[in-house]
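The next block holds one structure in the form of structure tokens; read it before the comments.
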Amino acid sequence: MLTFQKKVAVLKNCESIVYTICLSILTDEHSACEMAKRVLIELFKDSEFWMREEKDRQAYISRLCMRRCFPPSMHMHAAAASSCVS
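The opening position of the sequence shown corresponds to residue -3 in this note's numbering, with each subsequent residue numbered one higher.
What follows is the structure, encoded as structure tokens:
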């Protein structure tokens, strides 16, 4: 199990990518900063994130940011739109 300090060090390395993803989705700096904080806190507590290989963590971060930045209703609209395309 990783120590608190090691987790914080890993998350500091992820901080810029989390913020960048949130900013690209939300386009508002304040909202992106707040969402990035929430995502980083969630990652800290997420045992699945810590079990992943380092090379697989960025994709996991991207998926988590997408889920947190888009409200659930937008996910439903996206699913409906993709089913219309086929």
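Every residue, glycine too, gets a C-beta built ideally from N, C-alpha and C. Bear in mind that the values here come from a model prediction, so they are computed numbers and not experimental data.
Using the C-alpha atoms, what's the distance from residue j back to residue i?
i	j	result
Cys58	Thr(-1)	Correcting the residue type first, residue 58 is Ser in the shown sequence and not Cys. One C-alpha to the other measures close to 24 Å.
Met47	Glu30	26 Å
Gln54	His26	23 Å
Ala32	Lys8	12 Å
Leu19	Ala28	5 Å
Val81	Glu50	Below a pLDDT of 50, predicted positions are generally treated as unreliable, and Val81, at 48, falls in that range; the measurement from the model is reported next regardless. In a straight line, the C-alpha of Val81 is about 35 Å away from that of Glu50.
Phe45	Cys65	18 Å
Report buried or exposed for residue i, applying the criterion of at least 16 other Cβ atoms within 10 angstroms of its Cβ.
i	result
Ile37	exposed
Val4	exposed
Any Cβ of chain D within less than 8 Å of the Cβ of residue i?
i	result
Cys61	In the structure shown, chain D does not exist; there is a single protein chain.
Assuming residue i contacts residue j under a Cβ cut-off of 8 Å, what Cβ separation, rounded to an integer in Å, is found between them?
i	j	result
Pro6	Val35	The residue asked about is misnamed: residue 6 is Val in this sequence, not Pro. Not confirmed; about 14 Å, so no contact.
Unbroken stretches of the alpha helix (DSSP H), 4 residues or longer, contained in the segment 19 to 61:
25 to 41 and 43 to 47
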